[in-house]
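J.:
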Amino acid sequence: MVRTPDSNAGEKRAAGEAAAGMVRDGMVLGLGTGSTVAWTIKKIGEMVEEGMEVLGVPTSYQAQELAIAAGIPLTSLDQDPVLDLAIDGADEIAKDLTAIKGGGAAHAREKVVAASARWFVIVADSSKYVDSLSHPVPVEVLPIAGRLASRRIEELGGSPQIRQAKMKDGPVITDNGNFVIDADFGRIEDPGGLAARLSEIPGVVEHGIFENVNELVVVIDGAVKTFRRE
Ligand SMILES: O=C[C@H](O)[C@H](O)[C@H](O)COP(=O)(O)O
Numbered sequence: 001m002v003r004t005p006d007s008n009a010g011e012k013r014a015a016g017e018a019a020a021g022m023v024r025d026g027m028v029l030g031l032g033t034g035s036t037v038a039w040t041i042k043k044i045g046e047m048v049e050e051g052m053e054v055l056g057v058p059t060s061y062q063a064q065e066l067a068i069a070a071g072i073p074l075t076s077l078d079q080d081p082v083l084d085l086a087i088d089g090a091d092e093i094a095k096d097l098t099a100i101k102g103g104g105a106a107h108a109r110e111k112v113v114a115a116s117a118r119w120f121v122i123v124a125d126s127s128k129y130v131d132s133l134s135h136p137v138p139v140e141v142l143p144i145a146g147r148l149a150s151r152r153i154e155e156l157g158g159s160p161q162i163r164q165a166k167m168k169d170g171p172v173i174t175d176n177g178n179f180v181i182d183a184d185f186g187r188i189e190d191p192g193g194l195a196a197r198l199s200e201i202p203g204v205v206e207h208g209i210f211e212n213v214n215e216l217v218v219v220i221d222g223a224v225k226t227f228r229r230e
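Residue numbering for the sequence shown is 1 to 230, as defined by full-length UniProt numbering.
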């Protein structure tokens with residue numbers, strides 16, 4: 001899968017910065033990965049510079065580097081912190097707030113961080129907001145399981161492709177040392193059912209279907225809107 005050029009940069013910035021408004025003094029924060037939440041991280045960095053005290057838990061090396069550059073003090077899940085809020089981007093988010101993540105191959109850590117938080121927020125531009133999910137599902141697998149998992153994905157009706165790196169020959173290697181299979185299922189009628197089937201495949205570390213989003217911050221018709229799970 002190829003990441004498309006950033007045609008919605010303004011919307012990404014608006015949504016990302018708006019979500020930083022949810023941050024309060026003393027919070028422990030999950031810091032997501034990608035070009036939208038990068039704006040959130042930058043904004044939180046400015047709030048820290050103005051005196052706000054927070055601790056961040058990064059979801060990737062990219063998030064870690066951005067947070068360090070922004071001056072946000074970091075901790076890790078090894079310290080067993082209580083995460084008040086996790087903010088992250090998505091590749092697609094449906095109106096029922098199910099999402100697909102992992103376009104940057106970070107979804108495994110992102111899912112662990114999101115599941116550790118009391119409140120999980122997605123920030124997105126208008127192109128991500130859809131009636132129902134159809135984006136290829138990133139599936140992180142142990143390298144040894146690449147072929148088996150691809151076959152099982154085909155048996156589930158999907159079309160698997162091991163993601164290839166752009167700046168090196170061969171597959172993308174995740175922050176966890178694994179491969180990513182982009183599994184295209186077309187329109188996904190039952191995200192929960194598919195999520196369960198993918199998790200059953202031996203060697204699958206994590207798939208990119210997220211069912212625990214509490215709130216969405218998205219730009220629609222030029223305005224930032226928020227939606228909460230009922
Ligand atoms: O693995 C990457 C993450 O799930 C990102 O949050 C997701 O791909 C969205 O990225 P962006 O905000 O750059 O579109």
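Every residue, glycine too, gets a C-beta built ideally from N, C-alpha and C.
1. Residues in the same chain with beta-carbon distance under 6 Å from Gly104, minus the five sequence neighbours each way, listed in chain order, please.
2. Per the contact definition of three or more C-beta pairs closer than 8 Å, is the segment 189-198 in contact with the segment 163-181?
3. Is it right to say Ile144 is buried, meaning 16 or more other beta carbons lie within 10 angstroms of its own, or is it exposed?
4. Which term fits Gly71, buried or exposed, when burial requires 16 or more other beta carbons within 10 angstroms of its beta carbon?
5. Taking 7 Å as the cut-off, is the beta-carbon of Thr36 closer than that to any non-hydrogen atom of ligand 1?
6. Ligand 1 and Lys101: does the residue's C-beta get closer than 7 Å to at least one heavy atom of that ligand?
7. Return yes when the C-beta of Asp88 is under 7 Å from any heavy atom of ligand 1, and no when it is not.
8. So which of Gly186, Gly51, Met52 and Thr40 has the shortest CA-CA distance to Ala67?
9. Is His207 near ligand 2, going by C-beta to nearest heavy atom under 7 Å?
10. For Ala94 versus Asp125, is the C-beta spacing smaller than 8 Å?
11. With a CB to CB cut of under 7 Å and the five nearest residues on each side skipped, what residues in its chain are close to Glu11?
12. Can you tell me whether Asp88 is buried or exposed, with buried defined as 16 or more other CB within 10 angstroms of its CB?
13. Going straight from the alpha carbon of Ala18 to that of Val48, what length do you get?
14. Using CA atoms only, rank isn't needed, just tell me which of Ser76, Val28, Glu46 and Gln62 is closest to Val54.
15. What runs of the alpha helix (DSSP H), each 4 residues or longer, lie entirely inside the segment 150-207?
16. Mapping DSSP to helix, strand and coil, what is Arg229?
17. For Arg228, which residues of its own chain have a beta-carbon under 7 Å away from its beta-carbon, when the five flanking residues on both sides are left out?
18. Tell me the rounded alpha-carbon separation between Leu148 and Ile181.
T.: According to the structure data:
1. Taking the first residue of the sequence shown as position 1, residue 104 is located at position 104. Answer for Gly104: Thr33 and Gly34, listed in chain order.
2. Cβ pair count under 8 Å is below three, so no.
3. Mapped onto the sequence shown, residue 144 falls at position 144. A residue is called buried when at least 16 other Cβ atoms come within 10 angstroms of its Cβ; Ile144 does not meet this threshold and is exposed.
4. Counting from one through the sequence shown, the residue named residue 71 turns up at place 71. Counting Cβ neighbours within 10 Å, Gly71 comes out exposed, since fewer than 16 surround it.
5. Counting from 1 along the sequence shown, the entry for residue 36 is found at position 36. It does: the Cβ of Thr36 is within 7 Å (strictly closer) of some heavy atom of ligand 1.
6. Residue numbering aside, residue 101 sits at position 101 when the sequence shown is read from its first letter. True, at least one ligand heavy atom lies under 7 Å from that Cβ.
7. Looking up residue 88 in the sequence shown gives position 88. Because some heavy atom of ligand 1 lies under 7 Å away, the Cβ of Asp88 counts as near it: yes.
8. The count along the sequence shown starts at 1 and reaches residue 67 at position 67. If we check each option's Cα against that of Ala67, Thr40 comes out closest.
9. Summarising the ligand content, the structure contains ligand 1 and does not contain ligand 2.
10. For the purposes of this step, residue 94 is taken as residue 94 along the sequence shown, with counting starting at 1. For the purposes of this step, residue 125 is taken as residue 125 along the sequence shown, with counting starting at 1. With contacts defined by Cβ atoms closer than 8 Å, Ala94 and Asp125 do not form a contacting pair.
11. As a position in the sequence shown, residue 11 is number 11, starting the count at 1. Excluding five sequence positions before and after Glu11, the CB atoms of its chain that fall closer than 7 Å to its own CB belong to Asp125, Ser126 and Val219, given in chain order.
12. Taking the sequence shown and counting its residues from 1, the one referred to as residue 88 is at position 88. Residue environment: Asp88 is assigned as buried (16 or more neighbouring CB atoms within 10 Å of its CB, all protein chains considered).
13. To locate residue 18, count along the sequence shown from 1; it is residue 18. To locate residue 48, count along the sequence shown from 1; it is residue 48. If I take the Cα positions, the gap works out to 16 Å.
14. On the sequence shown, position 54 is the one that residue 54 refers to. When each option's Cα is compared against that of Val54, the closest is Val28.
15. The segment 150-207 contains these whole alpha helix (DSSP H) runs: 191-199.
16. Sequence index remark: in the sequence shown, residue 229 carries index 229 (1-based). Coil, per DSSP.
17. As a working note, residue 228 is residue 228 in the sequence shown. Shown here for Arg228: same chain residues with a beta carbon closer than 7 Å to its own, the five before and five after excluded, namely Asn214 and Glu215 in chain order.
18. The residue you call residue 148 lines up with position 148 of the sequence shown. The residue you call residue 181 lines up with position 181 of the sequence shown. If you take the alpha carbons of Leu148 and Ile181, they lie about 11 Å apart.
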